[in-house]
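Okay, so the sequence shown: first residue is 276 according to the numbering used here, each after it adds one. Every residue gets a Cβ at the ideal spot worked out from N, C-alpha and C, and that includes glycine. Quick caveat: nothing in here was measured; it's all calculated off a predicted structure. Below is one structure, written out as structure tokens; the observations come after it.
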Amino acid sequence: MKAAVLREVGKPLQIEDVQINKPGPHEVLIRTVAAGLCHSDLHFMEGSYPHPLPAVLGHESAGIVEQVGSEVRTVKVGDHVITCLSAYCGHCESCLTGHLSLCVSPETKRGADEEPRLTTAAGPMIQFLNLSSFAEHMLIHEHACVAIRKDMPLDRAALIGCSVMTGVGAAIHTSSVRPGETVAVIGCGGVGLSAINGAAIAGAGRIIAIDMVASKGNLAMEFGATDFIDASQTDAVKEVLEMTKGGVHHSFEAIGLSKTAEQA
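This is how it looks when you write it as structure tokens:
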């Protein structure tokens, strides 16, 4: 299959032929239909986060199941699926106590004594976050994907696996936004807009979106914001304090800078 390979930090990805193995008992082979370019992928390409090389990047994806292993019970051939960052075994202490994202069981990946999922003529290819979706196919653990309705466009569905899950999850699960509460979201990119949407779904009474780019205001409103602050024209923190007469119940920072984290 063809895959976009990162061989050297700071260099463009190279389209190469990469061999993909057959599914093991709990593995699923997926034909990649859509893959988003998350900023986290760029961080790895630029060397901000260390990672073994060569590797096939990509983790925000959706596709169609083509083969399943003998023990797979969660999906079937033909299912449309989105991929998940955090594969889990389902039976360790973390999984059984409801903390699936903390699962570090080696069962979700292949061991050193097993054939790697991805290889080239030169040797094994590193699988990025157990997914590697910048490729024509993905071979992953069955708990690293979720079946979705077939009428959901896969190019939209791909976003759910990372930015949507991050933002909506932060609002609904991490912060447990409740009906009527006030929320501020700094940064109206993919994660920020998803946090706005999550807060709206949770029933927040007021959602204040903040960004340096004024043109993002209308989009933020479409996702559920009630107010927009152009941070390039005013002191956003002061503005929020005045608007709310004291502050918000929940503040989300979706940019990743120390300055905006302090503001939140």
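Could you tell me the boundaries of the alpha helix (DSSP H) in which residue i lies?
i: E341; result: Run containing E341: none in the alpha helix (DSSP H); it sits in the beta strand (DSSP E), E335 to V343.
i: T349; result: From DSSP, T349 is part of no alpha helix (DSSP H); its letter is neither H nor E.
i: A536; result: S533 to Q538
i: H318; result: H314 to E321
By the DSSP assignment, the beta strand (DSSP E) with residue i in it spans what residues?
i: M413; result: H412 to H416
i: A278; result: K277 to L281
i: I435; result: That residue, I435, is in no beta strand (DSSP E); it is neither H nor E in DSSP.
i: I530; result: Counting along the chain, I530 falls outside any beta strand (DSSP E), and DSSP gives it neither H nor E.
i: A310; result: E302 to G311
Just confirm the distance between the C-beta atoms of residue i and residue j, as a whole number of angstroms; I'd bet it's less than 8 Å.
i: V331; j: L393; result: 6 Å
i: H326; j: C313; result: That belief does not hold up - the Cβ atoms of H326 and C313 are roughly 14 Å apart, past 8 Å.
i: H524; j: T457; result: 5 Å
i: A278; j: E291; result: 6 Å
i: I483; j: G499; result: Not quite, the Cβ-Cβ distance comes to about 11 Å (not below 8 Å), so this is no contact.
i: V356; j: V421; result: 6 Å
i: S380; j: C367; result: 5 Å
Measure the CB-CB distance between residue i and residue j and report whether it falls below 8 Å.
i: A446; j: G480; result: no
i: A410; j: M496; result: no
i: S407; j: S438; result: no
i: T383; j: N405; result: yes
i: G344; j: I305; result: no
i: T535; j: G462; result: yes
i: V460; j: A511; result: no
i: Q294; j: T395; result: yes
i: R453; j: G436; result: no
i: L494; j: G465; result: no
i: V284; j: P329; result: no
Chain B beta carbons: is any one of them nearer than 8 Å to that of residue i?
i: G531; result: Absent from the structure is chain B; it holds one protein chain and no more.
The stretch 411-431 in contact with the stretch 318-328 per 3-pair CB rule at 8 Å: no
Runs of beta strand (DSSP E) lying entirely within the stretch 441-516, each at least 3 residues, in chain order: 457-461, 481-486 and 502-505
Three or more C-beta pairs below 8 Å linking the stretch 423-439 and the stretch 343-350: no
Contact between the stretch 484-491 and the stretch 501-508 (3+ Cβ pairs under 8 Å): yes
Residue ranges of each alpha helix (DSSP H) within the stretch 368-431, 4 or longer: 368-371
At least three beta-carbon pairs within less than 8 Å, the stretch 298-310 to the stretch 393-405: no
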